[in-house]
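Sequence lines, in order, name chains P and C. Residue numbers for the first sequence follow the working numbering, so the first one is 172 and each next one is one higher. Residue numbers for the second sequence follow the working numbering, so the first one is 129 and each next one is one higher. Beta carbons: idealized from backbone N, C-alpha and C, even for Gly. Comments concern the structure below.
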Amino acid sequence: MSKITLKVNQKSHSHDVEPRTLLAHYLREQLSLTGTHIGCDTSSCGSCTVHMDGMAVKSCTILAVQADGSEITTIEGLAPNGQLHAVQQGFKECHGLQCGFCTTGMIMAAADLLERNPDPSEEDIRHGLEGNFCRCTGYHNIVRSVQWAAKSMSELVN
Amino acid sequence: MSNKYIGQSVKRVEDKRFITGKGRYTDDIKLLGMTHASFVRSPYAHARVTSIDISAAESMPGVVAIFTGDDIKETGIVGVPTGWQVNFKNGDTMKEPPHPLLIATGSTAKHIGDPVAVVIAETYAQAVDAAEAVEVDWEDLEAVTDPFKATQEGATLVHDDSPGNLAFDWELGNPLDEVNAAIDASAHVTTLEFVNQRMVPNAIEPRSYIGHYDEVSDKYTLYTSTQNPHLIRLLMCAFVLGLPEHKVRVLGPDVGGGFGSKIFHYTEEALVTWASQQTKRPIKWTETRSEAFMLDAHGRDHVTKAEMGFDGEGNVKALRIKTYANLGAYLSTFGPAVPTYLHGTLLQGLYTTPKIHIDLCGVFTHTVAVDAYRGAGRPEATYLLERLMDLAALEMGKDPVELRKQNFIPAFDGVEQPGYQTQVALQYDSGNYHGVVDKAMKMLDYKKFREMQQEAAQNGKLLGVGFSTYIEACGIAPSAVVGSLGARAGLYESAQVRVQPTGKVSVYSGSHSHGQGHETTFAQIVADKFGIPMEDVDIVHGDSDAVAFGMGTYGSRSLAVGGSAIMKSIDKVLEKGAKIAAHKLECAADDLEFAEGKWTVKGTDKHIGFGDVALTAYVPHVYPEGLEPGLDFASFYDPANFTYPFGCHIAVVEVDKETGKVKLQRFIAVDDVGNVINPMIVDGQIHGGLAQGIGQALLEGAIYDDYGQLVNGSYMDYAMPRADDLPMFELDRQETPCPHNPLGVKGAGEAGTIGSTPAVVNAVIDALWSGGHKVKDIAMPLTGERVWRAMQSS
């Protein structure tokens, strides 16, 4: 067992974990943050995407011990005061989700994408989200959702 | 009655929980004292279990119990059944070998991943560790994976009592000698021999089950990622475990996509339920993605020879098909129905073909079961017809669109003009096939495209356009019809509409939503019919204790069948409500009209509101004599016919001359799914369907090697469409109401998948011909390498 201390959604946590525990499993099992989903075992699907120290990471590629000392934001922490993040709102406005399983990872990846590129082209969005699988939407409305969010965020800034 | 919600793109009710991470999928559920299961699985496609030793594993940390196939054999549990019986054309009964929950010593595993033991432990990691310590001795045997090869003399047998590996040899259509004569008399015959490749459904949520036996109540609860909780309960209780249904609750909480793969009753569902009774502990099992690739029923996998005969004017005169359909090692729940009654029956397509015959062998192989995958049989039928049409046009030097149109069934509404009786058992409900083509062609701007194509060819670029038209049979299905075809269940749906005393409404539906948005669409209907806000309507589904019964969601049936059941209950509520209202208003019920949420005496402003009537029904102080209190009605709706959505899809591609890589530039889809309740949701269904159909054309395909190993069983190796593989889709609609259900709807879940695949392949072939490469066919998926090789050899 290894002791880790980290901040998740602004709250500090300290736990003893098996060294082989993945961050995704730690978040789901230990912290009951089940909004982070696990869709594969090869770090290919992106359903488990969270933010680690401000960067989108696939939490199944990170060991919990590697996250020691870091700040993690999961989907549950994206709207801390009940105000939906623009990307969350965009997904609702543009029907960017169907079954909802890939959605949380997709939103986390898209939020990170807009952080780095506030005015992405359609191609930028498609390229930026190609690490996240969706089997329901054909990505059409996901792209529109991210475009909606980008516009909404820029209007907020201006 | 005015509609406030019906026909509007109302934002989804269910979204809030999903976008905030509050969805509740089976793997998110933790029960007190819950244990975890891991399976010991066959690493071979065909191998005999000669011994199994659990002694080392039993003493591993955290192990609660280990069960092997021998334990299951002792209980007398035979295995999971199939729901359909499709017999041989000579009348012999379908071969139906058992599908055991675990393979016993002396028996053979029949596909990669076939389980021999299950380890139950305190944590998932402990279960996996201990499963690795179970020692199994295997006798590796020869395997067969190709459905055609499996039927040939000398092929190894999957089941000893199924000679030629045939589950059935089935036929449909006109007498073969008549079809042969029509083919022989044809001026031109287009022939295509091809494989419709095996697809992995790949719902992003892996299957997950929790079995929970409660000693105190002697009741079982199964949480399952299923498309049809009641169907699972029926199959598991009556046919697998012999449990009394009233002691079993099956819940399908939020489910992360199905696409067919979560219809079927899987062995693990029964196993965790049974084992929970043995251990007196809840047991969770969630498959890994590797297991999902190996074990979730696959789709398609046909080896086909198709011939289409034309007269001198290009009129289709005959269609003759021989297909070997892979069923996998075991018959899955809908397995036998998919290549037969969901495929053979669609071979009329949109055409007036007077003579049709299909001969189809359902074949066992050492692969995982093949069953319904989005479209289920209908994509295979459409692919066959639409590839033949485009190829015939190329061979005869005709325009592919004109050739189709000249052979179309003329428009009919199913009311004034009768339904269209096909040569292959079905009667189409209503259709206007020219309409969708004309719309799509306008969107394409065909003339301009051909000019661009010519110009591109002069500049050394390969542009192509591909067409596809389709019809599907959805809204499955009339029970008497499917019963006569071999279904072992009826395919009606149930719905209960419970008006609460305050006028709020709870709807209990046997349909199950796993992305389709029932909580929104169904609420739109109920709110409009009662003239109340949508917020006053709650849709309950996915719980066999809450919902009376249900056949679930597949075959684009939820709205057409489940929605119609809701409509029946709505009508009953309004009828009883009118009696209560009439009593209160001191008039006859016939003197009332219901609109805007109130009953009004015709020609007056005397009225009573929906909420007042509801309250009166539950506080019946002033009440019609002899009328029961309450306002709560259950209904079962058994459809009169299938519904028949149709449409026209057009793909525009560019093929890279140097690499063969295909770039999908445009995709146009004009679909007619009957009346539309929520256009936004219907468009979303089409988008997703298109991606799966395009995925089959260009990217996807399960590959088993000759030893039966699944070579590309991971997301690293199996190419599913990613965001940058697809363009924005261009959609439009035509609405031809279904004449036989109260909503006039036809179903939208599968249309995108059914129509799109041949359009893409046809476009690539068209692009190659534009550059002088007279390639007739390329095997799917059309990867750059395959297209490049085809160009080199032409």
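The bridge partners DSSP lists for Glu267 (chain C) are C:Arg176. Proximity of the stretch 169-179 of chain C to the stretch 236-248 of chain C meets the contact definition, three or more beta-carbon pairs being nearer than 8 Å.
Chain-ordered listing is empty here: chain C has no CB closer than 9 Å to the CB of Val221 (chain P), the nearest sitting near 10 Å. Listed along the chain, the chain P residues whose CB falls inside 8 Å of the CB of Tyr843 (chain C) are Cys211, Thr213, Ser215, Cys216 and Phe304. Taking C-beta separations shorter than 6 Å and ignoring five residues to either side along the sequence, the partners of Trp212 (chain C) in its chain run Pro464, Ala465, Gly614 and Ala615, following chain order. Within the stretch 228-243 of chain P, not one residue has a Cβ closer than 7 Å to any Cβ of chain C. Interface annotation, Phe387 (chain C): in contact with chain P, CB-CB separation under 8 Å.
The C-alpha of Ala830 (chain C) lies about 14 Å from the C-alpha of Leu910 (chain C). The secondary-structure analysis by DSSP pairs Trp727 (chain C) across a beta bridge with C:Phe722 and C:Ile736. Note on geometry: alpha-carbon atoms of Lys408 (chain C) and Ala676 (chain C) lie some 28 Å from one another. In the pairwise beta carbon analysis, the stretch 734-751 of chain C is classified as touching the stretch 614-630 of chain C: at least three pairs are separated by under 8 Å. Rounded to the nearest whole angstrom, the CA to CA distance from Pro538 (chain C) to Gln555 (chain C) is 14 Å. Assignment of Thr881 (chain C) by DSSP, reduced to helix, strand and coil, places it in the helix class. Relative to the Cα of Glu333 (chain C), the nearest Cα in the group C:Asp424, C:Tyr341, C:Gly339 and C:Thr273 belongs to C:Asp424.
In the DSSP assignment, Gln793 (chain C) falls within the beta strand (DSSP E) that extends over Val790 to Asp800. Between the alpha carbons of Asp541 (chain C) and Phe722 (chain C) lies a gap of roughly 29 Å. According to DSSP, residue pairing for Cys602 (chain C) in a beta bridge involves C:Thr771.
Closest option to Leu713 (chain C), judged by alpha-carbon separation, among C:Gly683, C:Lys700, C:Pro752 and C:Arg578: C:Pro752. Considered as a whole, the stretch 367-453 of chain C harbours 395-407 and 417-423 as its complete alpha helix (DSSP H) runs of no fewer than 4 residues, in chain order. In the assembly as shown, Met172 (chain P) is an exposed residue. Its beta-carbon has fewer than 16 other beta-carbons within 10 Å. In this structure, the beta-carbon distance from His184 (chain P) to Leu202 (chain P) falls below 8 Å. At least one C-beta of chain C is nearer than 8 Å to the C-beta of Arg297 (chain P). Below 8 Å, too few C-beta pairs join the stretch 802-813 of chain C and the stretch 298-308 of chain C to call them touching: fewer than three. Here DSSP, grouped into helix, strand and coil, assigns Gly282 (chain C) to coil.
Going by beta carbons, Ser622 (chain C) and Ala716 (chain C) fall outside the 8 Å limit. The closest CA to that of Ile194 (chain C), considering only C:Val609, C:Val246 and C:His164, is found on C:Val246. Neighbours of Val383 (chain C) in chain P, taken as residues whose beta carbon is under 8 Å from its own, are Cys270 in chain order.
With respect to chain P, the C-beta atom of Pro189 (chain C) has no partner C-beta closer than 8 Å.
Where His485 (chain C) is concerned, the enclosing beta strand (DSSP E) starts and stops at Ile484 to Phe492. At the C-beta level, Thr510 (chain C) and Ile486 (chain C) stay beyond 8 Å of one another.
For Asn312 (chain P), at least one C-beta of chain C is nearer than 8 Å to its own C-beta. Taking Thr213 (chain P) as reference, the option from P:Thr274, P:Glu200 and P:Thr232 with the minimal CA-CA separation is P:Thr232. Assignment of beta-bridge partners to Glu621 (chain C) by DSSP yields C:Tyr765. By the 16-neighbour rule on beta-carbons within 10 angstroms, Asp155 (chain C) is buried. Looking at the DSSP output, Arg297 (chain P) shares a beta bridge with no other residue. Under the Cβ criterion of 8 Å, His711 (chain C) is not counted among the residues facing chain P.
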